[in-house]
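Asker: Below is a structure I'd like to ask you about.
Residue numbers (this note's numbering), protein chains in the order written: chain A, 635 to 945; chain B, 46 to 242.
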């Protein structure tokens, strides 16, 4: 937008004195922007983020975050920037919603992410996209000390980031446990319902967010494959699924039919009656084949994230 | 008198089905086969990372996750299906050994086996995570409970009650998947959980 405005200023000031021509140019420029020429443009780039981080050769130990090893912290942030796909929510935690959004943030605004986590580490509070995050002392004490969470054990920046997000955003699932206590990363304190996820997406990402679905009822979409295929071509798609069915934990007679997990759709294809999904989940891309009926059964929410104007 | 006998029978059946009672002796009753499963899995895992779980109640459907550098592949098979061997071979897994492992898991109602990484003093360690669904742990109208075993590569630390401790903070209990584990021997621990993976 800044670019458009500055361009118009130049055009208006030096070349075009006629406001009609200026408006026509502006309209044409905006149309191009809206129609997708700008769709692949990222808010910031991996190179910008890497250049920013390269200037920070070392961080001092922080009294604000006593559990965080500064060398591992910096290494973790750099790894996230270079390979967003490996960003991991930790074994057994309720961080999947935050992790799915982090995967998208790292692709769209790696510089914003890097600046934010460095500021948060240095000052104990920081602003991301106009939102101030100031986690409580309990979160600051625990970040960097979470263990038995797989590779997240040595990813203190991820621990800080997830705990901060989980502390800041609240939904109805967090009503009975709003204040962090040790171990709450594995409890309802950290969980996210669908509306909370979408609220976070709107607040953290520079995308237009369109959501279909609820926590209890599946979205009514006639041809789910076609819908997902079309939406995936337009932007990013986050799926809200019933994980218990997805991984077919069919060991109990009565299953609670509610969604519990967020994954990012990467690719969808169909041959005959078999749908092949490639999705991002838990620090890796996974391929799975399933029937259209099964897909319909597990899917409770579809969040489509597109550049504003490209909805 | 009849009521007393009936009460005693019900009480005895409840006690005999309690997870605590099963946990304390289950490993030793099935030690050989459990250790065999762990050994085979560990050996095969070195050739290519994978995990196996039974996804149906009748222990006839398996879910195999194969990890590669670029993608994780999740496949579902019926036990004995020829597709299974073909797929394993495609990913350079020793089909005969994996099928034998599946058979052993089926025989003991082992629902899930995987490798689990954790870090001590920032050094990567791994353990083998196994969950078993013993028949006696099934209680009507309650969530299924699983007997979980963890096989560590190194001897672990325990408190006076036999609970697994965190090495870094010797007085802190170490939780895996949110559960406290108890000692079977220096390297093997157990717990009872509603989550099998």
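Glycine included, each C-beta is placed from N, C-alpha and C at the ideal position. As the structure is a prediction and not an experimental result, all values here were calculated from the model.
Flag this pair as touching only if the stretch 202-215 of chain B and the stretch 223-238 of chain B have three or more C-beta atom pairs under 8 Å; answer yes or no.
Answerer: Yes: at least three Cβ pairs fall under 8 Å.
Asker: May I ask you to list the residues that DSSP assigns as paired with residue 697(A)?
Answerer: In the first chain, the residue the question calls residue 697(A) occupies position 63. Note: residue 697(A) sits in no beta bridge, so no partner.
Asker: Give the residues from the stretch 113-137 of chain B that approach chain A closer than 9 Å (Cβ to any Cβ), ordered along the chain.
Answerer: Cβ contacts with chain A: 115, 116, 117, 118, 119, 120, 121.
Asker: Residue 164(B) touches chain A at which residues, Cβ-Cβ below 8 Å?
Answerer: Within the second chain, residue 164(B) is the residue found at index 119, counting from 1. Within 8 Å Cβ-Cβ: 781, 785, 787, 788.
Asker: Determine, for residue 909(A), whether the minimum Cβ-Cβ distance to residues of chain B falls below 9 Å.
Answerer: Here residue 909(A) is taken as the residue at index 275 of the first chain, counted from 1. No, no contact with chain B.
Asker: Measuring only between beta-carbons, confirm whether residue 876(A) sits less than 9 Å from chain B.
Answerer: Position 242 of the first chain, counted from the first residue, corresponds to residue 876(A). By this cut-off, residue 876(A) is not an interface position.
Asker: Specify the secondary structure class of residue 846(A) as computed by DSSP and reduced to three states.
Answerer: Here residue 846(A) refers to the residue found at position 212 when the first chain is read from its first residue. Three-state DSSP puts residue 846(A) in a strand.
Asker: Using alpha carbons as the reference points, say which of 215(B), 96(B), 242(B) lies closest to residue 223(B).
Answerer: The residue given as residue 223(B) occupies position 178 in the second chain. That would be 242(B), whose Cα lies nearest to the Cα of residue 223(B).
Asker: According to the Cβ coordinates, are residue 690(A) and residue 708(A) closer than 9 Å?
Answerer: As a position in the first chain, residue 690(A) is number 56, starting the count at 1. As a position in the first chain, residue 708(A) is number 74, starting the count at 1. Their beta carbons are under 9 Å apart, which means residue 690(A) touches residue 708(A) by this criterion.
Asker: For the alpha helix (DSSP H) holding residue 746(A), just list the boundary residues, first then last.
Answerer: In the first chain, the residue the question calls residue 746(A) occupies position 112. That run of the alpha helix (DSSP H) goes 744-757.
Asker: What does a CB cutoff of less than 7 Å around residue 915(A) pick up in its chain, not counting 5 residues either side in sequence?
Answerer: Residue numbering aside, residue 915(A) sits at position 281 when the first chain is read from its first letter. Result list for residue 915(A): 897, in chain order.
Asker: Looking only at its own chain, which residues have a Cβ that is under 7 Å from the Cβ of residue 730(A), when we skip the five neighbours before and after it?
Answerer: On the first chain, position 96 is the one that residue 730(A) refers to. Closer than 7 Å at Cβ, skipping near neighbours: 723, 895, 896.
Asker: Name, please, each residue of chain A whose Cβ falls closer than 9 Å to the Cβ of residue 211(B).
Answerer: For the purposes of this step, residue 211(B) is taken as the residue at position 166 of the second chain. By Cβ distance, chain A contributes 781, 782.
Asker: Do the stretch 765-772 of chain A and the stretch 796-810 of chain A touch if we need at least three Cβ pairs shorter than 8 Å?
Answerer: Contact between the stretch 765-772 of chain A and the stretch 796-810 of chain A is present, because at least three Cβ pairs lie under 8 Å.
Asker: I need the boundaries of the beta strand (DSSP E) containing residue 948(A), first residue and last residue.
Answerer: Shown here, chain A extends from 635 to 945; a query on residue 948(A) therefore has no answer.
Asker: Locate the alpha helix (DSSP H) running through residue 826(A), then write down its first and last residues.
Answerer: To locate residue 826(A), count along the first chain from 1; it is residue 192. Element bounds for residue 826(A): n/a, residue is neither H nor E.
Asker: Per DSSP, what are the beta-bridge partners of residue 760(A) in this structure?
Answerer: By 1-based counting over the first chain, the position of residue 760(A) is 126. According to DSSP, which records beta bridges pairwise, residue 760(A) is partnered with 767(A).
Asker: Bridge partners of residue 165(B), per DSSP?
Answerer: Taking the first residue of the second chain as position 1, residue 165(B) is located at position 120. Answer by DSSP bridge pairing, in chain order: 168(B).
Asker: Could you check what DSSP says for residue 215(B) in three-state terms: helix, strand or coil?
Answerer: Against the second chain, residue 215(B) aligns to sequence position 170. Residue 215(B) falls in the coil class under three-state DSSP.
Asker: Flag this pair as touching only if the stretch 769-789 of chain A and the stretch 823-834 of chain A have three or more C-beta atom pairs under 8 Å; answer yes or no.
Answerer: Counting Cβ pairs under 8 Å, fewer than three are found: no touch.
Asker: In chain B, what lies closer than 7 Å to residue 922(A) by C-beta?
Answerer: Here the question's residue 922(A) lines up with position 288 in the first chain. The answer, in chain order, is 119.
Asker: Using a Cβ-Cβ cutoff of less than 6 Å, which residues in the same chain neighbour residue 176(B) once the five nearest sequence positions on both sides are dropped?
Answerer: Taking the first residue of the second chain as 1, we reach residue 176(B) at position 131. Closer than 6 Å at the Cβ level, and outside the excluded window around residue 176(B), lie 156, 157, 191, 193, 241.
Asker: Compare the C-alpha of residue 872(A) against each of 699(A), 855(A), 845(A), 696(A) and name the closest.
Answerer: Taking the first residue of the first chain as 1, we reach residue 872(A) at position 238. Cα-wise, what sits closest to residue 872(A) is 845(A).
Asker: CB residue 776(A) to CB residue 806(A), shorter than 9 Å?
Answerer: One-based indexing of the first chain puts residue 776(A) at position 142. One-based indexing of the first chain puts residue 806(A) at position 172. For residue 776(A) and residue 806(A), no; Cβs fall outside 9 Å.
Asker: Report the rounded CA-to-CA distance for residue 913(A) versus residue 217(B), giving the unit in angstroms.
Answerer: For the purposes of this step, residue 913(A) is taken as the residue at position 279 of the first chain. For the purposes of this step, residue 217(B) is taken as the residue at position 172 of the second chain. Spanning the two alpha carbons is a distance of roughly 37 Å.
Asker: Is residue 854(A) helix, strand or coil when you go by DSSP?
Answerer: Looking up residue 854(A) in the first chain gives position 220. Three-state result, residue 854(A): coil.
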